[in-house]
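Notes to accompany the following structure.
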């Protein structure tokens, strides 16, 4: 079958079908069926193979009629671990088999179209499920067995090929590939990954790295699906095409999903979709096209029409044999050589590492690996074997950490096959196995070589045979030949999959047998690399110098490495920190080392000379600092500002001010450097925290230089009055604009939060203002901006306006703001847009008001407008039907809370520490602190070295100085539900402290317009039930501390503190939520928390009823006229105890 497919794609494009899930959602009155417990299977699309097969048949048939060549079975989530969520895991194989059989039957009934003649296939669809092995959600063996069961069902139904789609983790792909080959050795396999908008899979692997991981495997094609529309996928297809030897597939979504009012809408119509995808055939290797989420038979029909008579081009990717972590690939043959393999994560060779293992301090052992990353290693050898230790356990624990937290490829190192296999089942990248040899004959060699083939690894082969370690060049070469022959002929490994280690022995022992050990090894490297030029070679470098002094070892290792590379060595297992470049060694050091290595006289004298020389040698300087001697003073000032290096700046300015006019330093050098910061930020090359560091350096530099600047009078700086609009308490974004503008030479009048229009107008009357800046985070704030503009227009004011904030977008500004104001309006997507806007205002030339975020995005703007119009049209249609009842029926349990009414929690010191444990650190670091755009390896390095220590420092400060003074209120209340007069409004939840309901607060919850028409009130027994409410805050001490930092120009810390305070409020909410679960006897994930203003209950006004019950006003927490809580680091929620409660949108 694989050969047939390969022949077909040389003649025609193969078209896959489109979406299954969104097509199912269009159907009315679906019979979902029930599981053995009688529970509804609503939402389990795979169960339709059993209970509503006619729907699946209709969808298959519609895609066949559209011209699809490959029908993908309705089995995306047929694995046991997915079906277990519906108590249907025992039906896994049956569902898989039926999914393929239904597709086969649909093909039999279908009369093939022209492009389908002898070109119709059923692909068994395998998704990733809901769990990722690299993140520890599920283990490899469970995933492997689950996939085996599904593939068995496929095989019994005579599936033609298998599609691993929407892959999010390379380790998941490996488990699936192994399962498929366990059941069927020949069936063609397509692999398709989901690449997110950030350019990588969910786990962090980019598409090129994925190719290098999968390159050794027997697959038919590699491609991309889901996650992106075709317009955004091209970049990643080009990246894949540059390296891939496989045919390439792409089945994209119908654009990025749009969500408005709870309606998910894929905006790209069939014509546009097919036009873009058909153009992909110009990319070498692209041969299979199709659709994913939101695509319909019409999309596929158009795609068939556009690709008629087109012939795909063959793959032309160029790649060099490489290894990879989850986060990046490294060529096996580095230029310049060698590939540096870090040796310190070795229980035998490193005492420090061994002590950490003995104490089971695995996090500390991870630190040993991280340190080698910093020192420049390309790969890490990991060896945990030590007498008295459970090697399998240590390998499991350590590789679990290294595989996801070390950005480099790994080299598991063990003599035990079991330990190696444990490691390989945890590593998602392409690793090196260390090692195989012939000491125990071919049986053990075969086991290790078999693992290398199965897991797609590179294999280190030691020159050890049945007689022992090979010490002469001749024996080393002969042993290497035997191992290569068996690796290729028996295990079907390739020459480039083998790295030979010809072994080296110490020349520092004085043992006559080893006088020429160095020469024997160098000779063997040269000979082996001549015979096998595609293979690699390596050495445990430090063995050559074992037994000698530290300084002597470092020099000898460095010199021997140089000569080994000259002979063809491609990699070395080394302590990277202890290698000195040959060119940096002193001539005398080199001479004494080479006399010992090339001991042609075979005497002890070179060793005695070596020892004597290094006894007198002073310590080696292994540290290297960046040389700035070539930089001018101006270049250094610019460099220090861009790098945010305050210490360096404070040292240079006192000297620089005497060399360069301080006015020039401020108005030219520093301002120009800040422009570079802005450009880098706009290009995604610099993250917000680093921008703030630069701004802080700028502010303190200007403050220092101020007294040396000439005093000027009556000089006007371009001025903006800026504030967060009425009812909005969020000020960080607005303050960032203040910081950036101030440090770019503009005058900023910051009027704070909840600013009424009158407050802006007061400043306008008193000061010479050139611009008004309005900021807001919430959707309601955008409406306030619109109202403010209408009033300004009525007053005849035409001053330039800047609008910005998370809820604002260009479409809203163009369609609702510009028509309601007569002056110039700038939509500023970020703080650096505001700099450009102020520069335009300063110039007085408004002929071109294009800002940096809009450059080269005219087409995107048109697309946004087109999508918005389509979305509005779609929403109008959706709003016609207003349901009055949920389709689901619920049973209700009786919960017995420990009390009714409000409780005020005073947290102990231990409980406060526990709250910090609830922090989602990656969310805090990436999204709140702004380190989201870093590459994976950069982020991990920064996280360990800077972010974790920074968090610990702030945590200590927050606790010791009582900055974090949490307010925690929660309580249990009696509930009952009522139907409003207008049934389409949803349900009213009446909440009371007493069961007589004499005094109640009423909460009107709307009903979803999407099946099964849920309303939060449905989760409560209408007669009598209970709920929990909570309100938590990081306290009233946080805001004054933030203000102090802001006034002191500690911008970076201000930003970090604010974000940490907001996240601590969320952590408090999690803390209380878990307490409620324990008190009500709920499971860890039972009983959901719903905050007002979010999709299931979008009305912020409901906060008023919550305030009446919990009375947070007593603790200084207030509610604004737009129902936002102050201080900002405050959150509240209704906790619904019903075990079936889930999140949904209206």
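Numbering (full-length UniProt numbering), first residue to last: 1 to 1146.
Think of the CB as a built atom: it goes at the ideal place given N, C-alpha and C, for glycine as much as any other residue.
Just so it is clear, the structure is predicted and the values come from calculations on it, not from any experiment.
Distance, residue j Cα to residue i Cα
{"i": "residue 1015", "j": "residue 700", "result": "54 Å"}
{"i": "residue 653", "j": "residue 742", "result": "20 Å"}
{"i": "residue 690", "j": "residue 1060", "result": "17 Å"}
{"i": "residue 1152", "j": "residue 343", "result": "This structure leaves residue 1152 out entirely; the chain is present only between 1 and 1146."}
{"i": "residue 1054", "j": "residue 51", "result": "58 Å"}
{"i": "residue 802", "j": "residue 773", "result": "5 Å"}
{"i": "residue 914", "j": "residue 551", "result": "48 Å"}
{"i": "residue 623", "j": "residue 336", "result": "Low confidence applies to residue 623: its pLDDT is 47, below 50, so where it sits in the model is not reliable, and the reading given next is rough at best. Each residue's Cα considered, the two are about 21 Å apart."}
{"i": "residue 638", "j": "residue 1128", "result": "37 Å"}
{"i": "residue 722", "j": "residue 734", "result": "7 Å"}
{"i": "residue 948", "j": "residue 364", "result": "14 Å"}
{"i": "residue 800", "j": "residue 757", "result": "15 Å"}
{"i": "residue 648", "j": "residue 640", "result": "6 Å"}
{"i": "residue 213", "j": "residue 302", "result": "35 Å"}
{"i": "residue 490", "j": "residue 35", "result": "48 Å"}
{"i": "residue 22", "j": "residue 1142", "result": "20 Å"}
{"i": "residue 617", "j": "residue 589", "result": "9 Å"}
{"i": "residue 1113", "j": "residue 1107", "result": "8 Å"}
{"i": "residue 117", "j": "residue 288", "result": "16 Å"}
Delimiting residues of the beta strand (DSSP E) encompassing residue i
{"i": "residue 412", "result": "410-412"}
{"i": "residue 305", "result": "That residue, residue 305, is in no beta strand (DSSP E); its alpha helix (DSSP H) goes 297-307."}
{"i": "residue 775", "result": "771-775"}
{"i": "residue 381", "result": "379-382"}
{"i": "residue 1123", "result": "Looking at the DSSP string, residue 1123 is not in any beta strand (DSSP E), and its letter there is neither H nor E."}
{"i": "residue 435", "result": "432-436"}
Reference residue i, options the options, closest by Cα
{"i": "residue 39", "options": "287, 85, 164, 5", "result": "85"}
{"i": "residue 112", "options": "786, 66, 536", "result": "66"}
{"i": "residue 917", "options": "979, 1093, 70, 1063", "result": "1063"}
{"i": "residue 115", "options": "15, 465, 563", "result": "15"}
{"i": "residue 125", "options": "474, 377, 740, 101", "result": "101"}
{"i": "residue 57", "options": "81, 43, 108", "result": "108"}
{"i": "residue 1035", "options": "1116, 970, 1004", "result": "1116"}
{"i": "residue 586", "options": "208, 556, 523", "result": "556"}
{"i": "residue 446", "options": "421, 1033, 415, 486", "result": "486"}
{"i": "residue 1037", "options": "1003, 1026, 944, 967", "result": "967"}
Secondary structure of residue i, DSSP reduced to three states
{"i": "residue 501", "result": "strand"}
{"i": "residue 1027", "result": "strand"}
{"i": "residue 1088", "result": "strand"}
{"i": "residue 17", "result": "coil"}
{"i": "residue 516", "result": "coil"}
{"i": "residue 285", "result": "coil"}
{"i": "residue 240", "result": "helix"}
{"i": "residue 808", "result": "coil"}
{"i": "residue 978", "result": "strand"}
Exposure label - residue i; buried when at least 16 CB within 10 Å
{"i": "residue 1147", "result": "Since the displayed the chain opens at 1 and closes at 1146, residue 1147 lies outside it and no answer follows."}
{"i": "residue 767", "result": "exposed"}
{"i": "residue 328", "result": "buried"}
{"i": "residue 879", "result": "At residue 879, the pLDDT of 44 sits below 50, so the modelled position is not reliable and the matter cannot be decided from this model."}
{"i": "residue 531", "result": "exposed"}
{"i": "residue 374", "result": "exposed"}
{"i": "residue 261", "result": "Because the pLDDT of residue 261 is 38, which lies under 50, any placement of that residue in the model is unreliable, and the number read from its coordinates should be weighed accordingly. Exposed: under 16 other Cβ atoms inside 10 Å."}
Min CB distance residue i to chain C below 8 Å
{"i": "residue 808", "result": "Among the chains of the structure shown, chain C does not appear; only one protein chain is present."}
Range of the contiguous alpha helix (DSSP H) that encloses residue i
{"i": "residue 418", "result": "417-424"}
{"i": "residue 912", "result": "909-917"}
{"i": "residue 937", "result": "936-942"}
{"i": "residue 834", "result": "831-843"}
{"i": "residue 1147", "result": "Lying before the first or after the last residue shown, residue 1147 is absent from the chain, which here runs from 1 to 1146."}
{"i": "residue 462", "result": "That residue, residue 462, is in no alpha helix (DSSP H); its beta strand (DSSP E) goes 458-462."}
Residue i Cβ short of 7 Å to the ligand GTP heavy atom set
{"i": "residue 1031", "result": "Although the ligand GTP was asked about, the structure shown includes no ligands whatsoever."}
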